[in-house]
Amino acid sequence: MNKDKIGTIMIVGLGHIGGSLSLAIKKTYKDKVKIIGVDRNKKTLLQAKKTKKFAALLSAPRAKEVEASDVIFLCVSIKQIPTILKSLSKTKLKQNAVVTDVVSTKEEILSLAKKFLPKKTTFVGGHPIAGSEASGFLSANPKLFEKKIFIAAGAKGRRAGILKIKSIWKGVGSKVVNMSPKEHDKIFSLLSHTPHVLSFGLGKITNSKLSKKEIDGYAGTSYKDLTRISSSSTSLWAEIFISNKKNLLADIALFKRYLVDLEKAIRKNNNRQIIKAINQTTRKP
Numbered sequence: 006m007n008k009d010k011i012g013t014i015m016i017v018g019l020g021h022i023g024g025s026l027s028l029a030i031k032k033t034y035k036d037k038v039k040i041i042g043v044d045r046n047k048k049t050l051l052q053a054k055k056t057k058k059f060a061a062l063l064s065a066p067r068a069k070e071v072e073a074s075d076v077i078f079l080c081v082s083i084k085q086i087p088t089i090l091k092s093l094s095k096t097k098l099k100q101n102a103v104v105t106d107v108v109s110t111k112e113e114i115l116s117l118a119k120k121f122l123p124k125k126t127t128f129v130g131g132h133p134i135a136g137s138e139a140s141g142f143l144s145a146n147p148k149l150f151e152k153k154i155f156i157a158a159g160a161k162g163r164r165a166g167i168l169k170i171k172s173i174w175k176g177v178g179s180k181v182v183n184m185s186p187k188e189h190d191k192i193f194s195l196l197s198h199t200p201h202v203l204s205f206g207l208g209k210i211t212n213s214k215l216s217k218k219e220i221d222g223y224a225g226t227s228y229k230d231l232t233r234i235s236s237s238s239t240s241l242w243a244e245i246f247i248s249n250k251k252n253l254l255a256d257i258a259l260f261k262r263y264l265v266d267l268e269k270a271i272r273k274n275n276n277r278q279i280i281k282a283i284n285q286t287t288r289k290p
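Here it is in structure tokens:
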């Protein structure tokens, strides 16, 4: 994409991902882009203002700025998506405007976009495979998306708009991969959502049986690696679990079956069955 034509970008939600994306786009396109930041948290807006990277900062997507935007990124929680899409639909979006998102489930989001946005408005379902358990604008990093994967998972509307979103992500250093929303949600239930279930579970059990002093004093790298992500936002993950519940419940059922089989083998001192269970889970080089 020609950097002279990137135009005005509105980023709704200036947390870790939205803040990082704002800084990354500005770093790449410099004065060829105007960024309008939107966040309902006043403290976040003040933090963003100090960077001097934004053409405007708002507490909500105001019609005037929405109608001036060429691209609108929704970097908010799943729960906020319907409300924002409804508000966008009540404005006079540019004819070639593109709306896109960054949440980690895709089937539900694409369905909501088709429901609320005008037919002429292009929407691209997106998921950058980047970030961490960090949160808030102060954790924003303009290099966050470099050498990371961005998944374009489902879209409606003009091909030119879809290509524009992919080009922006390439511009901030990401490798773009295409997949269907259904395939995306199936894959990331196992690679992201189920691991969070297990991490939260281990953390809860540990906290119920051991004191903080014991955990801090004796936990090794294996425990720390398994529970690192349990410090993620619980409200955010509750929304993700519900949004992708069909896949997640199926994967939890498989894990429960695995635990039952392993438990039986341990009770019976069945060394062969234990090894078999472990070998089934080990990635071979």
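Just remember that our numbering sits 5 ahead of the position in the sequence shown, which is counted from 1.
Each residue gets a CB set at the ideal place from its N, CA and C atoms; glycine is no exception.
Rounded to whole angstroms, Ala243 and His198 show a C-alpha spacing of 10 angstroms. Ser82 and Lys273 have their C-alpha atoms some 46 angstroms from each other. Between Pro186 and Leu117, the CB-CB gap reaches or exceeds 8 angstroms. In this structure, Ile11 sits near Tyr34, with a CB-CB distance shorter than 8 angstroms. By the CB criterion at 8 angstroms, His132 and Ala158 fall inside the cutoff. Around the beta carbon of Pro123, a 10 Å sphere encloses fewer than 16 other beta carbons of the protein chains shown; the residue is thus reported as exposed.
Below 8 angstroms, too few C-beta pairs join the region 199-215 and the region 262-272 to call them touching: fewer than three. The distance from the Cβ of Thr13 to that of Ser74 is about 5 angstroms, consistent with a contact at the 8 angstroms cut-off. For the pair of segments examined, the region 55-74 was found to touch the region 84-97: the number of CB pairs separated by less than 8 angstroms reaches three. When only Cα atoms are considered, His201 and Ser235 end up about 7 angstroms apart.
According to the DSSP assignment, Leu231 belongs to the alpha helix (DSSP H) that extends over Thr226 to Thr232. Straight across, the Cα-Cα distance linking Lys48 with Gly141 is about 10 angstroms. The three-state reading of DSSP puts Asp106 in strand, counting E and B together. Counting only runs that start and end inside the region 53-122, the alpha helix (DSSP H) elements of at least 4 residues fall at 68-73, 86-94 and 112-121. Non-local C-beta neighbours of Leu62 in its own chain, meaning closer than 7 angstroms and more than five positions away in sequence, comprise Gly42, Leu50, Ala53 and Lys54, ordered along the chain. Nearest C-alpha to Thr88 among Ser109, Val103 and Lys120: Lys120.
If you look at Asn284, you'll find it in the alpha helix (DSSP H) that goes Asn276 to Thr286. Inclusion of Ala255 and Pro147 in the CB contact set at 8 angstroms is not warranted, their separation being larger than that value. Uninterrupted alpha helix (DSSP H) stretches at least 4 residues long and entirely within the region 115-192 occur at 164-176, given in chain order.
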